[in-house]
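For the sequence shown, our numbering assigns the number 1 to the initial residue and increments by one for each residue that follows.
From the three backbone atoms N, C-alpha and C, an ideal C-beta is built for every residue, glycine too.
Down below is the structure, laid out as structure tokens.
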Amino acid sequence: MYLINERLRRLHPRECARLMGFPESFKLHNRRNVCYKLFGNSVVIPVVKKIFQEIEKSLSNIDLKAA
1 MYLINERLRR
11 LHPRECARLM
21 GFPESFKLHN
31 RRNVCYKLFG
41 NSVVIPVVKK
51 IFQEIEKSLS
61 NIDLKAA
């Protein structure tokens, strides 16, 4: 939620999906509260992807040094 002209505005589920890195093609549930729970319990996809890329890079460096 955030303020616009002194009024609270809640993010739309589609906005939450975008913030979490879900593609536009991701089908949202009909009920907003279900969507909010889903995104609240999820992880940010681009962040997880980057973490695994860095882990993979580190592991490949270890393999090269060990060889």
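Query raised in the report: Given 8 Å as the limit, is there contact between the stretch 51-61 and the stretch 26-38, that is, 3 or more CB pairs closer than that?
Result: no
Under the rule that 16 or more other beta-carbon atoms within 10 Å means buried, what is F39, buried or exposed?
buried
Report task. Could you check if P23 is buried or exposed, using at least 16 other CB atoms within 10 Å of its CB as the buried criterion? Result -> exposed
*asked:* Please classify P46 as buried or exposed, where buried requires at least 16 neighbouring CB atoms within 10 angstroms.
replied: exposed
*asked:* Going by beta-carbon coordinates alone, are M20 and V44 separated by less than 8 Å?
replied: yes
Which residues in the same chain have their Cβ closer than 8 Å to the Cβ of F26, if we skip the five residues on either side of it in sequence?
A17
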